Ligand SMILES: Cc1cc2nc3c(=O)[nH]c(=O)nc-3n(C[C@H](O)[C@H](O)[C@H](O)COP(=O)(O)OP(=O)(O)OC[C@H]3O[C@@H](n4cnc5c(N)ncnc54)[C@H](O)[C@@H]3O)c2cc1C
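Protein chains in written order, with our numbering: chain A, 1 to 393; chain B, 1 to 57.
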């Protein structure tokens with residue numbers, strides 16, 4: 001068997017890479033190890049409106065559960081700060097802003113993307129695991145896959161690894177992709193039914209006793225249903241422990257448990273090789289503060305699919321040629337991801353009382369009218385925050 | 001590393017951090033290949049506590 005492009009992984013990164021490669025008239029095979037695309041859900045399912053601009057798709061009610069118009073941040077002492085429509089540039093869980101967008105049903109959305117890709121010609125194999133890469137003189141030229149006990153070799157000019165946080169393929173291609181445990185946000189989430197919540201508002205809770213090294217969230221899905229989850233880092237107790245604690249305050253019923261790890265290390269140094277590209281969580285294309293990866297993955301996957309198709313048409317799939325993918329996605333996202341990583345490192349040093357002080361400051365001052373003098377007076381009273389600010393600047 | 005399959009949620013967070021790349025997530029099980037040094041990196045990120053260092057038992 002031989003294809004122009006093999007895409008490994010059949011969710012956001014995989015379906016979008018294969019969709020845009022197939023649209024550019026190359027033969028594409030997408031391989032997904034699970035028997036059902038999009039399941040189990042490992043996501044709080046919030047994304048920005050602009051994801052759909054990237055995909056050139058009209059958002060559909062089939063997979064949109066709710067529209068988000070604002071967010072509320074809860075400090076450890078219970079103080080709240082509201083970020084409302086118009087206060088940010090319209091991105092949710094991306095580029096550090098958290099205010100407008102959609103909460104999706106990813107089980108439906110991921111499958112929909114795979115269907116769109118299949119419609120334009122992508123072949124899809126499910127319940128098939130890629131076990132290894134085939135390499136010839138250092139160049140990746142296919143995969144070894146296993147389906148129902150049968151092992152097969154499938155050749156391809158380009159392999160795109162969209163195999164998520166659990167990716168082993170980048171490493172097999174020669175790219176160092178091993179993650180530091182301190183950079184992985186360990187998450188557990190319930191889909192809860194029977195909540196009394198604002199259907200258009202995201203909620204974020206911070207504090208060492210709520211979610212050490214991360215935050216807890218409520219992402220509404222309509223009709224009193226929401227994804228309620230917790231992400232922790234470097235914690236002695238598990239994410240599940242904090243989830244149970246967090247949800248104990250709600251009189252609501254769980255109908256689904258989702259878990260997952262989010263790579264918050266910022267992007268990998270290299271995302272291409274001879275005959276090989278890596279996208280999405282596998283490439284660290286996730287915002288290190290929010291943990292949002294849907295939008296960035298979608299954009300990078302589109303670029304990966306288009307660059308792979310172009311390289312095949314030019315009959316040059318060397319790493320020099322595929323480097324274009326790396327350059328294009330970094331142009332769009334690298335600065336933001338690096339800044340976000342720097343801020344995440346700074347936030348790691350904030351104590352609960354620092355966060356409370358910040359919340360108090362924002363509570364008492366109009367964000368758009370805060371003067372330099374007020375800020376300096378505040379920082380003078382909080383030397384830890386002043387030091388962090390200096391580190392950031 | 002002791003692996004409690006009943007506690008596993010098959011998310012693959014552990015696979016991401018294994019410094020010797022000894023872990024693999026099949027559809028609903030983690031396979032630990034030979035050579036595990038019980039370093040505890042995977043235990044640190046497991047959301048459900050399915051991986052337990054031998055010395056913690
Ligand atoms: C709890 C949680 C909440 C989150 N919430 C949000 C949110 O609200 N908004 C947001 O933007 N982001 C969120 N994220 C991040 C977001 O889910 C990811 O960034 C995004 O799903 C990455 O997509 P992907 O296609 O790269 O990887 P994945 O979605 O992980 O897909 C990888 C696919 O590859 C398959 N695969 C792996 N190995 C192989 C193999 N060897 N052979 C064949 N197939 C293979 C897997 O089965 C899987 O289907 C969250 C993550 C978690 C864990």
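Don't be surprised by glycine CBs; every beta carbon is placed ideally from N, CA and C. Everything numeric in this text was worked out from a predicted model, so none of it was measured.
Distance cut-off 7 Å: residue i Cβ against heavy atoms of ligand 1
| i | result |
| --- | --- |
| residue 72(A) | no |
| residue 258(A) | yes |
| residue 31(A) | yes |
| residue 34(A) | yes |
| residue 214(A) | no |
| residue 123(A) | no |
| residue 229(A) | yes |
| residue 286(A) | yes |
| residue 219(A) | yes |
| residue 295(A) | yes |
| residue 8(A) | yes |
| residue 12(A) | yes |
| residue 261(A) | yes |
| residue 129(A) | yes |
| residue 251(A) | no |
| residue 75(A) | no |
| residue 105(A) | no |
| residue 165(A) | yes |
| residue 151(A) | no |
| residue 118(A) | no |
| residue 162(A) | yes |
| residue 291(A) | yes |
| residue 281(A) | yes |
| residue 46(A) | yes |
| residue 187(A) | yes |
| residue 43(A) | yes |
Residue i CB to nearest heavy atom of ligand 3 below 7 Å
| i | result |
| --- | --- |
| residue 179(A) | Looking at this structure, you won't find ligand 3 anywhere; what it does contain is ligand 1. |
Given residue i as reference, the closest of the options once Cα atoms are compared
| i | options | result |
| --- | --- | --- |
| residue 79(A) | 379(A), 387(A), 357(A) | 357(A) |
| residue 12(B) | 387(A), 340(A), 263(A), 222(A) | 263(A) |
| residue 104(A) | 132(A), 41(A), 157(A) | 41(A) |
| residue 153(A) | 3(A), 261(A), 50(A), 387(A) | 3(A) |
| residue 74(A) | 237(A), 122(A), 119(A), 211(A) | 211(A) |
| residue 28(A) | 46(A), 16(A), 6(A) | 6(A) |
| residue 339(A) | 290(A), 322(A), 385(A) | 290(A) |
| residue 268(A) | 177(A), 200(A), 217(A), 254(A) | 177(A) |
| residue 218(A) | 191(A), 257(A), 242(A), 331(A) | 191(A) |
| residue 20(B) | 41(B), 53(B), 9(B), 50(B) | 41(B) |
| residue 258(A) | 324(A), 286(A), 239(A) | 239(A) |
| residue 66(A) | 346(A), 49(A), 15(A) | 49(A) |
| residue 111(A) | 35(A), 161(A), 77(A), 68(A) | 35(A) |
| residue 82(A) | 362(A), 20(A), 392(A) | 362(A) |
| residue 25(A) | 253(A), 43(A), 306(A) | 306(A) |
| residue 302(A) | 18(A), 201(A), 9(A) | 18(A) |
| residue 20(A) | 345(A), 252(A), 320(A), 299(A) | 299(A) |
| residue 179(A) | 8(A), 284(A), 108(A) | 284(A) |
| residue 172(A) | 292(A), 143(A), 55(A), 70(A) | 143(A) |
Burial state of residue i (16 or more Cβ within 10 Å)
| i | result |
| --- | --- |
| residue 327(A) | exposed |
| residue 2(B) | exposed |
| residue 209(A) | exposed |
| residue 203(A) | buried |
| residue 389(A) | exposed |
| residue 1(A) | exposed |
| residue 33(A) | buried |
| residue 92(A) | Unreliable placement is indicated for residue 92(A), whose pLDDT of 48 sits below 50; the coordinate value is still reported in the next sentence. By the neighbour-count rule (16 or more Cβ atoms within 10 Å), residue 92(A) is buried. |
| residue 11(A) | buried |
| residue 119(A) | exposed |
| residue 95(A) | With a pLDDT of only 44 at residue 95(A), under 50, the local geometry of the prediction cannot be trusted, and the value read off the model is given with reservation. Looking at its Cβ environment, which holds 16 or more other Cβ atoms inside 10 Å, residue 95(A) is buried. |
| residue 28(B) | exposed |
| residue 45(B) | buried |
| residue 255(A) | exposed |
| residue 163(A) | buried |
| residue 33(B) | exposed |
| residue 355(A) | buried |
| residue 30(A) | buried |
| residue 5(B) | exposed |
Contained alpha helix (DSSP H) runs [length at least 4] in the stretch 256 to 322 of chain A, N- to C-terminal order: 294 to 313
For the stretch 314 to 389 of chain A, which segments carrying the alpha helix (DSSP H) assignment without a break, of at least 4 residues, lie completely within its bounds, in sequence order? 319 to 348, 352 to 364, 372 to 381
Runs of beta strand (DSSP E) lying entirely within the stretch 45 to 88 of chain A, each at least 3 residues, in chain order: 64 to 68, 70 to 74, 80 to 84
Minimum length 4: unbroken alpha helix (DSSP H) runs contained in the stretch 207 to 251 of chain A: 239 to 247
Which full runs of the beta strand (DSSP E) of 3+ residues lie inside the stretch 172 to 213 of chain A, going along the chain? 184 to 193, 201 to 205
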